[in-house]
Amino acid sequence: MVEISIVVPCFNESEVIDAFHTAVLAALGPTGASFEICYVDDGSGDGTVERLRELARADSRVRYTSFSRNFGKESAMLAGMRMSRGDAVVLMDADLQHPPELVPRMLELHQHGYDQVVAQRDRSGEGAVRSAFSRAYYRLVRRFMEVEIADGAGDFRLLSRRAVDAILSLPESNRFSKGLFSWIGFDTVSFRYENVERAAGASKWGGRRLLNYGIDGLLSFNSRPLRLAIHTGLWLFVSALLYALWIVANALLNGVDTPGYATLIAAIVGLSGVQLATLGVIGEYVGRIYHEAKRRPHYVVRETDRSAAVDARTGR
Ligand code: UDP
Ligand code: MG
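In our numbering, the protein residues as written are 267 to 582.
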């Protein structure tokens with residue numbers, strides 16, 4: 267039985283994977299713990315999988331799974347947790363933004379009985395705009411969600427075996443890990459570390475991808491946006507009613523004077539906006555139901571370290 271599984275989603279990380287691997291070995295070696303490193307290649311097109319094949323050939327503690335295309339980090343983390351066999355699982359990014367030196371500290375806290383140990387980064391060195399948006403987003407999330415998500419608490423964390431099993435027992439296909447981690451509960455402890463720039467390569471999270479991720483997060487945990495749509499609609503209805511009464515009263519007392527073209531247009535435009543937004547929210551949920559109902563797997567595997575071993579045997 268291995269004590270620790272390091273789970274690493276990798277998408278086009280061939281530039282940093284070797285540095286990452288060396289850093290992990292250097293950090294874990296002195297602890298004397300037995301470990302395995304589970305790399306998940308998320309459909310990279312830059313030779314990441316070739317690097318993984320070599321690492322696995324050189325070291326039996328390295329295992330990997332490679333997807334048939336890019337399925338996203340959530341799916342890659344899921345695959346990594348599924349293949350992990352350790353008593354504790356540490357989720358890490360491949361770009362060295364999650365410093366491997368912190369893993370021994372996480373292990374120590376885990377040995378004190380915590381099921382989840384979260385390394386929370388501060389936002390130093392991050393663009394002012396992005397960090398302002400993130401902060402605002404987490405304020406919104408805290409208001410809306412039934413689960414608690416801390417700002418800066420990313421996916422860099424240690425999970426005990428029972429916490430991993432709890433995560434793996436959640437069947438949804440729209441996965442928002444930050445929410446799932448919080449949903450499963452268990453004793454959780456967090457500590458802060460200073461934000462690090464990625465070692466090489468580029469971030470895969472452009473503006474649009476981040477926005478979609480944010481929407482997923484807000485919608486995947488509750489139906490409060492639907493409730494908000496109903497509230498807005500009711501308030502608008504009440505104000506429209508009052509306004510109509512005022513117009514009628516005004517017409518009765520002072521006689522009809524203006525054709526009211528401007529107000530009419532304003533009301534139509536305003537209400538159509540609200541209706542469209544509400545429809546959008548409903549559509550989003552219906553889409554999610556449709557998506558879940560299809561029960562598709564989260565990813566398709568192209569090859570694993572075991573299939574590579576088979577290849578070596580048959581000489582193919
Ligand atoms: N990643 C992935 N699939 C994706 C996008 C990212 O497996 O579709 C991995 C990526 O290789 C890295 C981690 O997720 O190990 C975090 O990605 P990135 O560094 O691009 O995100 P950022 O640190 O900018 O939030
Ligand atoms: Mg990164």
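Glycine included, each C-beta is placed from N, C-alpha and C at the ideal position. Here the structure is a predicted model, which is why all the values come from computation and not from measurement.
Three-way DSSP call (helix, strand, coil) for residue i in this model
{"i": "D571", "result": "helix"}
{"i": "I303", "result": "strand"}
{"i": "A398", "result": "helix"}
{"i": "R335", "result": "coil"}
{"i": "R351", "result": "coil"}
{"i": "Y330", "result": "strand"}
{"i": "L357", "result": "strand"}
{"i": "P563", "result": "coil"}
{"i": "R389", "result": "coil"}
{"i": "V384", "result": "strand"}
{"i": "E558", "result": "helix"}
{"i": "M267", "result": "coil"}
{"i": "H497", "result": "helix"}
{"i": "L502", "result": "helix"}
{"i": "F487", "result": "coil"}
{"i": "S310", "result": "coil"}
{"i": "H376", "result": "helix"}
{"i": "Q415", "result": "The sequence as given places Ile at residue 415; Gln does not occur at that position. Here I415 sits in coil by DSSP."}
{"i": "G546", "result": "helix"}
{"i": "D482", "result": "helix"}
{"i": "Q363", "result": "coil"}
{"i": "G526", "result": "coil"}
{"i": "L537", "result": "helix"}
Sub-8 Å separation of residue i and residue j beta-carbons
{"i": "D561", "j": "F333", "result": "Checking the displayed sequence, the identity of residue 561 turns out to be Arg instead of Asp. No, the Cβ-Cβ distance between R561 and F333 is not below 8 Å."}
{"i": "L425", "j": "D381", "result": "yes"}
{"i": "F277", "j": "S310", "result": "yes"}
{"i": "L294", "j": "F301", "result": "yes"}
{"i": "R441", "j": "L344", "result": "yes"}
{"i": "V383", "j": "V455", "result": "yes"}
{"i": "I270", "j": "L357", "result": "no"}
{"i": "A385", "j": "L368", "result": "yes"}
{"i": "N478", "j": "R389", "result": "no"}
{"i": "I548", "j": "L492", "result": "yes"}
{"i": "F422", "j": "H364", "result": "yes"}
{"i": "V273", "j": "S326", "result": "no"}
{"i": "P275", "j": "G346", "result": "yes"}
{"i": "A533", "j": "A506", "result": "yes"}
{"i": "E558", "j": "L485", "result": "no"}
{"i": "I450", "j": "A432", "result": "yes"}
{"i": "T544", "j": "A495", "result": "yes"}
{"i": "V535", "j": "T498", "result": "no"}
{"i": "H348", "j": "L434", "result": "One detail in the question is off: residue 348 reads as Arg in this sequence, not His. Cβ atoms of R348 and L434: closer than 8 Å."}
{"i": "F410", "j": "R464", "result": "no"}
Top-ranked residue by Cα proximity to residue i, from the options
{"i": "R475", "options": "K339, T498, D421", "result": "K339"}
{"i": "S397", "options": "D453, G473, S439, G539", "result": "G473"}
{"i": "A289", "options": "G352, E320, V547, D361", "result": "D361"}
{"i": "A342", "options": "V315, Q363, V306, D325", "result": "V306"}
{"i": "T297", "options": "R335, R371, V407", "result": "R371"}
{"i": "V220", "options": "A402, L530, Y330, I303", "result": "A question about residue 220 goes unanswered here, because the residues of the chain that appear run from 267 up to 582."}
{"i": "S280", "options": "W449, R408, V273, G467", "result": "G467"}
{"i": "H376", "options": "D453, F503, N520, G480", "result": "D453"}
{"i": "I481", "options": "V407, V268, M267", "result": "V407"}
{"i": "R387", "options": "L502, G379, G526, R401", "result": "R401"}
{"i": "G420", "options": "L511, G483, G379, A324", "result": "G483"}
{"i": "V268", "options": "C304, I531, K444", "result": "C304"}
{"i": "K470", "options": "D308, G521, S439", "result": "D308"}
{"i": "Y404", "options": "G445, A292, I513, G393", "result": "G445"}
{"i": "F487", "options": "R554, A394, E320", "result": "R554"}
{"i": "Y556", "options": "S439, A299, V535, V540", "result": "S439"}
{"i": "G526", "options": "A510, L537, Q541, V540", "result": "A510"}
{"i": "L537", "options": "L502, F447, L321", "result": "L502"}
{"i": "G313", "options": "G393, D284, D359", "result": "D284"}
{"i": "V282", "options": "Y459, D359, V552", "result": "D359"}
{"i": "Y565", "options": "N520, R335, R323", "result": "R335"}
Residue-chain proximity (residue i, chain B), Cβ-Cβ < 8 Å
{"i": "V273", "result": "Protein chain content of the structure displayed is limited to a single chain, and chain B is not contained in it."}
Beta strand (DSSP E) runs wholly inside the region 418-475, at least 3 long, in chain order: 419-426, 454-459
Complete beta strand (DSSP E) runs within the region 270-299 (minimum length 3 residues, chain order): Here the runs fully enclosed are 270-276.
Beta carbon nearer than 6 Å to a non-hydrogen atom of the ligand UDP: P275, C276, F277, E279, D308, N336, G338, K339, A342, D359, A360, D361, Q363, R464, S469, K470, W471
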